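Enquirer: Have a look at the structure that comes next, please.
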Amino acid sequence: MSVDESISGVNSSFGLPITGHGPSSLIKRITAKFIWPFLRHQVDLNHVLVAEIRELQARQAVLSAVVEHQLSPTGQTTVTLGHLGSQLEFIEDGLHNVENALHILEGQYTSVVMQRESHLADVQTHLTTRTQQLENQIDLSHRQLLARFYDGFGALQRDVTDIVSQFADLATLVGEYEARTHVELDVERRQIAGALARMAEVDHFLTEVKRSYPELAKPEQLVKLSTGFDAVSRAHALRFRGSFDEVKERVSIYLPELKSIAALGPVLDVGCGGGELLTVLKENDLDAYGIEILGSAVDECVAAGLDARVDDALHHLAAVPKASLGAVTAIHVVEHLGMDTLIEMIDLALQALKPGGMIIFETPNPGNVMVGADSFYIDPTHDHPIPSALLEFLVSIRGFTDAHVVPLKRAPNLFTNVMPTEGVWANDVSRVAQHVANVFLGAEDYAVVARRAV
């Protein structure tokens with residue numbers, strides 16, 4: 002084998018250059034990247050050796066030319082040939098040493114390649130094992146996720162079943178209440194019909210009286226006349242509105258508002274009844290007095306040391322000096338008035354108040370079905386229920402400002418105990434249940450609070 006062929010073969014074994022595009026070429030490139038840090042010095046040495054070999058080849062060519070020239074017909078001496086022969090032997094020894102060095106390098110390179118191939122096999126085995134572990138973990142996670150999903154779906158089904166059961170119970174309760182309400186309404190209608198008949202008789206009697214007496218009684222005299230209901234009115238209020246202390250506690254919520262206008266003037270409590278609100282105001286050193294058409298109620302107030310007078314609301318408000326009052330309150334009064342009378346009372350109150358003065362009109366809330374269909378008619382002197390939006394509109398349209406509705410709840414809403422608090426549909430069901438609770442068990446009363454513009 003010639004020196005050039007040896008050099009070319011060694012370069013191919015080292016992968017310099019790497020040719021082709023098959024799997025073996027890819028492995029050689031990958032292997033070269035791994036072993037390059039170890040062979041960098043050896044490759045540099047190889048380049049130096051190759052350069053020396055090529056220089057020796059050039060010298061050999063020159064010597065060969067000289068030999069040929071010396072052996073030409075012109076001739077050369079035997080000494081010269083011997084000298085050239087020794088040089089050729091020296092060159093051949095050098096080439097032999099280079100070939101041995103190349104064989105040693107080839108063995109070292111083969112050993113390194115085998116080590117890297119073994120390392121690559123270990124890496125491939127590790128990757129295969131790790132891939133299998135990841136596949137197992139993914140499969141386990143998938144099964145666990147499915148198990149949690151089916152558990153949650155089962156809980157959701159149970160929640161839906163509970164909600165359906167609760168709505169069925171509610172529907173039964175509503176049905177029972179409607180049946181009872183219809184019966185009670187029939188009784189109330191019959192009672193109202195009887196009361197209307199008796200009122201017609203009273204109207205006829207009064208008409209005859211007016212005809213018999215040309216001089217009409219004054220308003221302050223008329224309000225002192227007792228009616229058949231006067232005898233039981235206080236007992237009726239105690240039975241259906243609550244005790245004195247209970248009513249007093251409920252009307253105490255207005256104290257902060259009334260304190261805020263104390264400097265404007267006295268508070269007039271229209272329809273002061275047993276004096277519950279007057280008592281609260283007196284205990285807090287607020288100037289206040291009340292008017293009431295029931296003489297027996299006024300007597301109770303006076304006996305308790307309260308300033309109460311027998312008078313009619315419209316008559317008294319018309320007689321009060323204009324812009325002289327700080328507030329006008331009417332607790333469960335406006336539902337006794339016809340619409341025209343109510344509007345007139347609103348106008349007179351606006352006239353009697355100082356700028357910045359306040360009205361507080363409390364009345365039963367027909368937005369509560371149980372109130373609008375039942376308890377409102379327990380008092381036979383009630384004229385008609387007034388929706389909160391209507392009363393707020395009336396006081397606003399007649400000149401008051403800052404009108405707003407204050408719901409008044411007498412008892413806690415026990416319905417909230419059965420509202421769902423957990424589950425996918427808990428919020429939606431709670432909203433529906435809250436609406437049902439507001440309709441059937443909402444605020445029994447409300448108040449409209451408004452001010453005369455400053």
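In this note's numbering, the protein residues as written are 2 to 455.
Backbone N, C-alpha and C fix where the C-beta goes; we use that ideal spot for every residue, glycine too.
Computed from a predicted model, the values in this text were never measured in an experiment.
Flag this pair as touching only if the segment 337-346 and the segment 246-263 have three or more C-beta atom pairs under 8 Å; answer yes or no.
Expert: No, they do not touch.
Enquirer: Who does Asp446 pair with in a DSSP beta bridge?
Expert: DSSP output for Asp446 lists Pro365, Leu409 as bridge partner(s).
Enquirer: Considering only the alpha carbon of each residue, which of Thr126, Ala309, Gly266 lies closest to Thr280?
Expert: With distances taken between Cα atoms, Thr280 lies closest to Ala309.
Enquirer: With a Cβ-Cβ cutoff of 8 Å, do Val268 and Thr330 count as a contact?
Expert: Yes. Within cutoff.
Enquirer: How far does the beta strand (DSSP E) with Gly291 in it extend, from its first residue to its last?
Expert: 289-293 is the extent of the beta strand (DSSP E) around Gly291.
Enquirer: Enumerated in chain order, which unbroken segments of the alpha helix (DSSP H) with a length of 4 residues or greater are wholly contained in the segment 273-322?
Expert: Complete alpha helix (DSSP H) runs here, min 4: 277-284, 296-304, 314-320.
Enquirer: Could you tell me the alpha carbon to alpha carbon distance between Tyr178 and Asp170, rounded to whole angstroms?
Expert: Their Cα atoms are separated by approximately 12 Å.
Enquirer: For a quick check, are the C-beta atoms of Gly276 and Glu301 less than 8 Å apart?
Expert: It is a contact, given that the beta carbons lie within the stated cut-off.
Enquirer: Determine the contact status of Leu392 and Ala350, defining contact as a CB-CB distance below 8 Å.
Expert: In this structure, Ala350 does not lie closer than 8 Å to Leu392 by Cβ.
Enquirer: Which of helix, strand or coil does DSSP assign to Gly327?
Expert: The answer is strand: DSSP assigns Gly327 an E or B state.
Enquirer: Under a Cβ-count criterion, where at least 16 other Cβ atoms within 10 Å of its own Cβ denotes burial, should Met115 be classed as buried or exposed?
Expert: Per the 10 Å Cβ criterion, exposed.
Enquirer: Can you tell me where the alpha helix (DSSP H) holding Leu395 begins and where it ends?
Expert: 389-398 is the span of the alpha helix (DSSP H), which, as asked, contains Leu395.
Enquirer: Does the distance from the CB of Pro388 to the CB of Pro367 come in under 8 Å?
Expert: In this structure, Pro367 lies closer than 8 Å to Pro388 by Cβ.
Enquirer: Can you round the beta-carbon distance between Leu278 and Ile360 to whole angstroms, since I take them to be within the 8 Å contact cut?
Expert: Incorrect: roughly 14 Å between the Cβ atoms, too far for contact.
Enquirer: With burial defined as no fewer than 16 other Cβ atoms inside 10 Å of the residue's Cβ, what is the status of Arg453: buried or exposed?
Expert: By the neighbour-count rule (16 or more Cβ atoms within 10 Å), Arg453 is buried.
Enquirer: Would you report the Cα separation of Val67 and His104, rounded to the nearest angstrom?
Expert: Cα to Cα, the separation comes out at about 32 Å.
Enquirer: Residues bridged to Leu269 by DSSP?
Expert: Leu269 pairs with Tyr290, Val329.
Enquirer: Using 8 Å as the limit for Cβ to Cβ distance, is Ala196 near chain B?
Expert: In summary, chain B is missing from the structure at hand, where a single protein chain is found.
Enquirer: Identify which residue in Glu189, Asn47, Tyr255, Asp446 has its Cα closest to the Cα of Gln109.
Expert: Ranking the options by Cα distance to Gln109, first place goes to Asn47.
Enquirer: Which same chain residues, not among the five before or five after Glu221, have their C-beta less than 8 Å away from its C-beta?
Expert: Low confidence applies to Glu221: its pLDDT is 48, below 50, so where it sits in the model is not reliable enough to give any reading.
Enquirer: Is Asp384 helix, strand or coil by DSSP?
Expert: Asp384 falls in the coil class under three-state DSSP.
Enquirer: Rank Phe91, Leu85, His84 by C-alpha distance to the C-alpha of Ile480 and give the top, closest one.
Expert: Since the displayed the chain opens at 2 and closes at 455, residue 480 lies outside it and no answer follows.
Enquirer: Identify the residues that DSSP records as bridge partners of Thr129: which are they?
Expert: BP columns for Thr129 are empty, so no partner.
Enquirer: Quick check on Asn101: buried or exposed, where buried means 16 or more other Cβ atoms within 10 Å of its Cβ?
Expert: Asn101 comes out exposed.
Enquirer: Evaluate Ser227 with the Cβ neighbour count: other Cβ atoms within 10 Å of its Cβ, from every protein chain shown; 16 or more gives buried, anything less gives exposed.
Expert: For Ser227, the pLDDT reaches just 48, beneath the cut-off of 50, and the residue's location in the model is therefore unreliable, although a value from the coordinates is still provided. It is exposed - the Cβ of Ser227 has fewer than 16 other Cβ atoms within 10 Å.
Enquirer: Is Ile139 buried or exposed, if buried means 16 or more other CB atoms sit within 10 Å of its CB?
Expert: Its Cβ having fewer than 16 others within 10 Å, Ile139 is exposed.
Enquirer: Quick one: grab the DSSP three-state call for Gly339.
Expert: Gly339 falls in the coil class under three-state DSSP.
Enquirer: Please report how far the alpha carbon of Val248 lies from the alpha carbon of Ala444, in whole angstroms.
Expert: Whole-angstrom Cα-Cα distance: 15 Å.
Enquirer: When DSSP builds the beta bridges, which residues end up paired with Leu50?
Expert: Partner(s): none; Leu50 has no beta bridge.
Enquirer: Report the rounded CA-to-CA distance for Ile379 versus Ala448, giving the unit in angstroms.
Expert: In a straight line, the C-alpha of Ile379 is about 20 Å away from that of Ala448.
Enquirer: Since I believe Ala328 is in contact with Gly306 (beta carbons under 8 Å), could you give me their beta-carbon distance rounded to a whole number of angstroms?
Expert: That belief does not hold up - the Cβ atoms of Gly306 and Ala328 are roughly 21 Å apart, past 8 Å.
Enquirer: May I have a chain-ordered list of the beta strand (DSSP E) segments no shorter than 3 residues that lie completely inside the segment 92-169?
Expert: The qualifying runs do not exist here; there are none.
Enquirer: Check whether the Cβ atoms of Val406 and Ile347 sit closer than 8 Å, and answer yes or no.
Expert: In this structure, Ile347 does not lie closer than 8 Å to Val406 by Cβ.
Enquirer: Can you check DSSP and say which residues form a bridge with Phe377?
Expert: Per DSSP, none; premise fails for Phe377.
Enquirer: Quick one: using the 10 Å Cβ neighbour count with 16 as the cut-off for buried, is Phe154 buried or exposed?
Expert: Result: exposed.
Enquirer: Leu106: buried (16+ other C-beta within 10 angstroms of its C-beta) or exposed?
Expert: That one is buried.
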